[in-house]
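Just so you know, the protein sequences line up as chains A and B, in that order.
Per my numbering, the very first residue in the first sequence carries number 1; after that it's consecutive.
Per my numbering, the very first residue in the second sequence carries number 166; after that it's consecutive.
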Amino acid sequence: MTESPNLVAFTPERLETVNEIIARYPEGRQKSALLPVLHVAQEQWGWLSSEVMDYVAGILKIEPVEVYEVATFYTMYHLDPVGKHVIEYCRTGPCCLMGGEDVYGHLKKKLGIEAGGTTADGLFTLKEVECLAACGWGPVFQIREQFYMNLTNEKVDQIIEDLSK
Amino acid sequence: MARKILTEHINVPGIETFDVYRKQGGYTAVEKAIKTMTPEEVVEEAKKSGVRGRGGAGFPMGMKWGFLAKPEGVPRYLVCNADESEPGTFKDHHLMKSIPHLLIEGMIISSFALGANKSFIYVRGELMYVIRILEKAIAEAKAQGFLGKNILGSGYDLELVVQPGGGAYICGEETALLESLEGKRGNPRNKPPFPAVKGLYQSPTVVNNVESISNMPWIINNGGDAYAQIGIGRSTGTKLISASGHIQKPGVYEIELGVSVEEFLNSDEYCGGIRKGHHLKALVAGGSSVPILPANLIMKTANGEDRLMTYESLSDGGFATGTMLGSGGFIVFDETACIVRNTWNFSRFYHHESCGQCSPCREGTGWMEKVLHRIEHGHGSMHDIDLLVDISKKIEGNTICPLGDAAAWPVASAIRHFRDEFVWHITNPQEATAPGAVYMGDMALV
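Encoded structure:
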């Protein structure tokens, strides 16, 4: 990539949020802000490019590699561009007991993509995730902060149609 | 109706707000602790209560507090573990989103007891909406003088920070959580030193589960002795059970420790029984990592006694015939469930979540997943069963943190109690891989 790093910058509102986050920790412990700040970055750019990670490293006064090693360890950070809505589908046992695998098959067919894929219109990216701590309300998937619970084929159709409008 | 300590007011409309929570008697325990008690007296009540770590380990909380080092001039930290990620467990999620002030009140009391002036609630990042609920509640409590500088005019200061994770089961392990809170990968630390001596930022730190801390307001209001009178023996108080799977009423239930498994499973107050027209085949009582038991062994111990929802009764018989209360993730399987498929699923989970630091876990979880995948998909050989047992034994006890054990136990226990089902998959691959096929054999259903 040849894009100059200084083209990457938080919006003023987000920069304020980031500074508030950094101020939560004791002096010299600003690295603690890394995970929350990466969430803020992902909110702005949708995914974490190396330019964004380098920018975050600069803000937190840490080495870029310290950001890369964290961003690649945790599953919530997207390291490639994603669609407008990222569907994070729970594939773990308790959801499967509630018919999660059948509903997942239906969802994949409906979107015409497999795990990791993005629809041609760029609206949906599908990700498989592990247990979301919502087992009593399974099957579940999550889109950003929203949980969609007790899923059925019909509910999935409705959700996809609503989000496609 | 059983006594409720944590969920008594959970369905009161508006309980997530400071005003409604306060009207239900909220924050009186903070007033009592900070205005009339010393930190040592608060610790003493926690010890008397006998409350044990509700995240899964079951270690007495008061004793854990007692280990906290208190060197002069070094800050001490309380960190609440809200990284709830053990499959089958969703009680902390339910508690925090429904009644956030209960945890905050517990955090204030506990921080006061430990002499912490900055405390953290580490919430798994997927629960960002819960983080926002907690942050709103914290702002309310601060505006009312229950947080911040000079709380209730006592001279005690406390700042409460909510920290999001990034998606990693391993961060439920307390030292991995501390690494993550320091902005690093969630690799568990070698112990000793334990967090009580060198924890967050190398300072003395206590890490406690959401539910454990949420008991503190009741314990302060009613006394540790009153808490200890609830329950049976060393299983004192109440426990939140996350019930999922093939039952009539999945959800989170608060039980008095000591209720029988049968009552919890079948009474209308709790799970309401197995879904209509079906029978109990197997049960995981304490989250995916604890040994799975067949129907007959979960209802009665090997000695024929009623199995109770207590730390002791569930582990009666050791791993040969017993299991663990763990996190209280109660996953119910009826006769339509395939044990091989479920074991493969859990195995994939642990492989995915292994941090990769220790070879037995990093490699072993991958091997187990692969072998289980081929058995489930009709390509297994009889040798694979012994191979799985062998791998599980070589992981168990050979890793820095308990994730290795957590990965080994579900596999070892599934083979221990459901070996016939594995054999059937291997010897009847065509039948076993047909859509919806499940081994029926002659296993005992209840």
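By construction, the Cβ of each residue, glycine as well, lies at the ideal position given by its N, Cα and C atoms.
For this session: Kindly identify the DSSP beta-bridge partner or partners of Ser409/B.
Result: For the purposes of this step, residue 409/B is identified with residue 244 of the second sequence, where counting begins at 1. Beta-bridge pairing links Ser409/B to Ile496/B.
Problem set entry | Thr598/B, DSSP secondary structure in three states | Mapped onto the second sequence, residue 598/B falls at position 433. DSSP places Thr598/B in coil when its eight states are reduced to three.
Exercise. Who are the Cβ neighbours of Lys61/A in its own chain at under 8 Å, not counting the five residues just before and after it?
Worked result: Counting from 1 along the first sequence, the entry for residue 61/A is found at position 61. Cβ neighbours of Lys61/A beyond the five flanking positions: Gln30.
Problem set entry | Cut-off 6 Å between Cβ atoms - residues of its own chain near Glu324/B, not counting five sequence neighbours on either side | Indexing the second sequence from 1 puts residue 324/B at position 159. Excluding positions up to five away in sequence, the list reads Lys283.
Problem set entry | Limits of the unbroken alpha helix (DSSP H) element including Ala120/A | If you number the first sequence from 1, residue 120/A lands on position 120. Element bounds for Ala120/A: n/a, residue is neither H nor E.
Exercise. Starting from Ser284/B and walking both ways along the alpha helix (DSSP H), at which residues does that stretch end?
Worked result: In the second sequence, counting from the first residue as 1, residue 284/B sits at position 119. From DSSP, Ser284/B is part of no alpha helix (DSSP H) but of the beta strand (DSSP E) over Lys283 to Val288.
Problem set entry | Meets three-Cβ-pair contact criterion under 8 Å: the stretch 484–503 of chain B and the stretch 235–245 of chain B | no
Exercise. What is the rounded straight-line gap between the Cα of Glu210/B and the Cα of Val326/B?
Worked result: Mapped onto the second sequence, residue 210/B falls at position 45. Mapped onto the second sequence, residue 326/B falls at position 161. Taking the straight line joining both Cα atoms gives about 26 Å.
Exercise. Using a Cβ-Cβ cut-off of 7 Å (strictly less than) and excluding sequence neighbours within five positions of Val18/A, which residues of its own chain qualify?
Worked result: Along the first sequence, read from residue 1 onward, the residue named residue 18/A stands at position 18. Phe10, Val37, Val40 and Ile59, listed in sequence order.
For this session: Ignore the nearest five residues each way along the sequence and tell me which others in Leu490/B's own chain have a CB closer than 6 Å to its CB.
Result: Mapped onto the second sequence, residue 490/B falls at position 325. Within the same chain, Leu490/B has close Cβ partners Gly451, Tyr476 and Leu479.
Problem set entry | Interfacial residues, the stretch 75–90 of chain A to chain B, with Cβ spacing under 7 Å | Thr75, Met76 and Tyr77
Exercise. Of the residues Gly332/B, Leu343/B, His266/B and Gly337/B, which one's Cα is nearest the Cα of Lys307/B?
Worked result: Numbered from 1 along the second sequence, position 142 holds the residue referred to as residue 307/B. The residue with the shortest Cα to Cα distance from Lys307/B is His266/B.
Exercise. Between which two residues does the beta strand (DSSP E) carrying Leu346/B extend?
Worked result: Start at 1 with the first residue of the second sequence, and residue 346/B comes out as number 181. First-last for Leu346/B: Glu339 to Leu346, but that is the alpha helix (DSSP H), not the beta strand (DSSP E).
For this session: State the Cα-Cα distance for the pair Lys108/A and Leu97/A, rounded to the nearest angstrom.
Result: Residue numbering aside, residue 108/A sits at position 108 when the first sequence is read from its first letter. Residue numbering aside, residue 97/A sits at position 97 when the first sequence is read from its first letter. Whole-angstrom Cα-Cα distance: 19 Å.
Exercise. Going along the stretch 128–151 of chain A in order, which residues come within less than 9 Å of chain D, judged by CB to CB distance?
Worked result: No chain D appears in the structure shown, which is made up of the protein chains A and B.
Exercise. Using the beta-carbon count (16 or more within 10 Å), is Asp585/B buried or exposed?
Worked result: Within the second sequence, residue 585/B is the residue found at index 420, counting from 1. Classification for Asp585/B: exposed.
Exercise. Taking only beta-carbon atoms, is His106/A less than 7 Å away from chain B?
Worked result: The residue given as residue 106/A occupies position 106 in the first sequence. Chain B contact via Cβ: absent.
Problem set entry | Closer than 7 Å to chain B by CB, Ser32/A | Counting from 1 along the first sequence, the entry for residue 32/A is found at position 32. Cβ-Cβ to chain B under 7 Å: yes for Ser32/A.
Exercise. Since Cys245/B is in the alpha helix (DSSP H), which residue starts that stretch and which ends it?
Worked result: Numbered from its first residue, the second sequence carries residue 245/B at position 80. It is not in any alpha helix (DSSP H) - Cys245/B instead sits in the beta strand (DSSP E) that spans Tyr242 to Ala247.
Exercise. Using a C-beta to C-beta distance shorter than 8 Å, which residues of chain A count as neighbours of Tyr366/B?
Worked result: To locate residue 366/B, count along the second sequence from 1; it is residue 201. Correct list: Pro26 and Arg29.
Problem set entry | Straight-line gap, Asn593/B to Leu268/B (C-alpha atoms, nearest Å) | Indexing the second sequence from 1 puts residue 593/B at position 428. Indexing the second sequence from 1 puts residue 268/B at position 103. The alpha-carbon atoms of Asn593/B and Leu268/B are separated by roughly 52 Å.
Exercise. If you compare alpha carbons, which of Val362/B, Met272/B, Pro415/B and Ser454/B is closest to Asp322/B?
Worked result: Along the second sequence, one-based indexing puts residue 322/B at 157. Ranking the options by Cα distance to Asp322/B, first place goes to Met272/B.
For this session: Please work out which residues of its chain come closer than 6 Å, Cβ to Cβ, to His259/B, disregarding the five sequence neighbours upstream and downstream, and give them in chain order.
Result: Sequence index remark: in the second sequence, residue 259/B carries index 94 (1-based). Here the set comprises Val417.
Exercise. Which two residues bound the contiguous beta strand (DSSP E) that contains Lys446/B?
Worked result: Along the second sequence, one-based indexing puts residue 446/B at 281. Leu445 to Val449 is the extent of the beta strand (DSSP E) around Lys446/B.
Exercise. Can you tell me where the alpha helix (DSSP H) with Val56/A in it begins and where it stops?
Worked result: For the purposes of this step, residue 56/A is identified with residue 56 of the first sequence, where counting begins at 1. Where Val56/A is concerned, the enclosing alpha helix (DSSP H) stretches over Ser50 to Leu60.
For this session: Return the residue from the list Thr193/B, Ile580/B, Thr340/B and Met474/B that minimises the CA-CA distance to Asp614/B.
Result: Residue 614/B is absent from the model: chain B starts at 166 and stops at 611.
For this session: Within 10 angstroms of the Cβ of Ala304/B, are there 16 or more other Cβ atoms? Answer buried if so, exposed if not.
Result: The residue given as residue 304/B occupies position 139 in the second sequence. The residue in question, Ala304/B, is exposed, as its Cβ has fewer than 16 Cβ neighbours within 10 Å.
Exercise. Got a sec: which bits of the stretch 346–357 of chain B sit with their beta carbon under 8 Å from any beta carbon on chain A, in order along the chain?
Worked result: Leu346, Glu347, Gly348, Lys349, Arg350 and Gly351
For this session: Determine whether the Cβ of Glu16/A lies closer than 7 Å to any Cβ atom of chain B.
Result: Reading the first sequence from its first residue, position 16 is the one you call residue 16/A. No, its Cβ sits nowhere closer than 7 Å to a Cβ of chain B.
Problem set entry | Distance, Gly402/B Cα to Ala485/B Cα | Your numbering for residue 485/B matches position 320 in the second sequence. Your numbering for residue 402/B matches position 237 in the second sequence. If you take the alpha carbons of Ala485/B and Gly402/B, they lie about 28 Å apart.
Problem set entry | For Leu462/B, the three-state DSSP class (helix, strand or coil) | One-based indexing of the second sequence puts residue 462/B at position 297. In this structure, Leu462/B counts as helix in the three-state DSSP scheme.
For this session: Determine, using beta carbons only, whether Ala571/B and Ser407/B come nearer to each other than 7 Å.
Result: As a first step, residue 571/B is located in the second sequence; it is residue number 406 there, counting from the start. As a first step, residue 407/B is located in the second sequence; it is residue number 242 there, counting from the start. No, these two residues do not count as a Cβ contact at 7 Å.
For this session: Give the straight-line distance between the Cα atoms of Glu338/B and Glu534/B, rounded to the nearest whole angstrom.
Result: In the second sequence, residue 338/B corresponds to position 173, counting from 1. In the second sequence, residue 534/B corresponds to position 369, counting from 1. Cα to Cα, Glu338/B sits roughly 22 Å from Glu534/B.
Exercise. Would Asp471/B be called buried (16 or more neighbouring beta carbons within 10 Å of its own) or exposed?
Worked result: Taking the second sequence and counting its residues from 1, one reaches residue 471/B at position 306. With fewer than 16 other Cβ atoms within 10 Å, it is exposed.
Exercise. Is the beta carbon of Cys245/B within less than 6 Å of some heavy atom of the ligand SAH?
Worked result: No copy of the ligand SAH appears in this structure; indeed no ligand is present at all.
Problem set entry | Backbone secondary structure at Arg144/A - three-state DSSP | In the first sequence, the residue the question calls residue 144/A occupies position 144. In the structure shown, Arg144/A sits in coil (DSSP, three-state: anything other than H, G, I, E or B).
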